[in-house]
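Report on one structure; see the data block that follows.
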Amino acid sequence: MGFVNILEGCRHNGVEHLVYASSSSVYGANTTMPFSVHHNVDHPYSLYAATKKANELMAHTYSHLYNLPTTGLRFFTVYGPWGRPDMAPFLFTKAILEGRPIDVFNNGQMKRDFTYIDDIVEGVLRTSDHVAQPNPAWDSAHPDPGTGRAPYRIYNIGNHQPIELLRFIECIEEALGQKAQKRFLPMQPGDVPATCADVHDLSRDVGFTPSTSIEEGVRRFIAWYSEYFRVAR
């Protein structure tokens, strides 16, 4: 309902280009790596993923009916300063500093395309200036999910370098100078073992080139976290 309100607001106020956040979670049961916007994404694993796919479909409808240019960006595991406190980087850091064990799901056998927030912001700004256009080659007999006859585009925005979860934890440990106590657990319902973004289309169209390594990104996050929460180091 929130997204419908946004679309209605754009429709009635002459918005020239709507750029909105979708999610890598829409890939759900897909196992072909890297994930491509040209792949079918009709088998979500979570209600969150289903709502993100629904938003993409509604955006296409408004692009078609009202000629509203819309671009959806499928974010891949964004991390960094000012992130959500219920996400893994915050939970891991807080637990390590407090000497509590961290929950490591799927026994650590996970890979994520961790993408630093500065790279995401750069991609969003570049995309905002690149107004979605109809795809003249779109073929209804072989429909491309990432484009359309309407001014509609979907892009992946990620680092294109999947990192093992245990390596991500190691980077946090190195930045904090403290070891984590790990509690290995099974896979959570609705989760997937790996993600990897094919960012070719975004790189081609707007020059998107993520440049922040996992080591540098985690160092920046821990430096911000320590200052913001006044952690004695």
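Add 23 to a position in the sequence shown, counting from 1, and you land on the number used in our numbering.
All C-beta atoms, glycine included, are put in the ideal place defined by N, C-alpha and C.
Since the structure is predicted, the reported quantities are computational estimates derived from the model, not experimental observations.
Ends of the alpha helix (DSSP H) at residue i?
i, result
"Val241", "237-251"
"Ala77", "70-89"
"Arg97", "Not the alpha helix (DSSP H): Arg97 falls in the beta strand (DSSP E), residues 93-98."
Are residue i and residue j closer than 8 angstroms when you measure CB to CB?
i, j, result
"Gly213", "Gly103", "no"
"Ser48", "Asn78", "no"
"Arg242", "Asn179", "no"
"Asn158", "Gly171", "yes"
"Leu41", "Pro92", "yes"
"Leu80", "Gly131", "no"
"Ile195", "Gly95", "no"
"Ala203", "Ile119", "yes"
"Pro57", "Asp221", "yes"
"Ile140", "Phe191", "no"
"Val27", "Tyr50", "no"
Under 8 angstroms by Cβ, that's how I've got residue i and residue j pegged, so tell me the actual separation to the nearest angstrom.
i, j, result
"Asp136", "Phe99", "4 angstroms"
"Thr138", "Gly181", "5 angstroms"
"Pro185", "Gln156", "That belief does not hold up - the Cβ atoms of Pro185 and Gln156 are roughly 31 angstroms apart, past 8 angstroms."
"Lys134", "Glu187", "6 angstroms"
"Val38", "His153", "Val38 to His153, Cβ: 15 angstroms. No contact."
"His62", "Asn53", "6 angstroms"
"Tyr43", "Ala82", "7 angstroms"
"Val127", "Leu208", "7 angstroms"
"Arg34", "Tyr89", "5 angstroms"
"Cys219", "His165", "Actually they are not in contact, since the Cβ atoms of Cys219 and His165 sit about 25 angstroms apart, beyond 8 angstroms."
"Met210", "Asn129", "4 angstroms"
Is residue i helix, strand or coil when you go by DSSP?
i, result
"Gly230", "coil"
"Asn28", "helix"
"Glu193", "helix"
"Ser163", "coil"
"Val49", "helix"
"Arg176", "strand"
How far does the beta strand (DSSP E) with residue i in it extend, from its first residue to its last?
i, result
"Ala44", "41-46"
"Asn63", "Counting along the chain, Asn63 falls outside any beta strand (DSSP E), and DSSP gives it neither H nor E."
### Those runs of the alpha helix (DSSP H) which lie wholly inside the region 107-157 and span at least 4 residues
Correct list: 111-121, 140-151.
### Query
Counting only runs that start and end within the region 197-227, where is the beta strand (DSSP E) found for 3 or more residues in a row?
205-207
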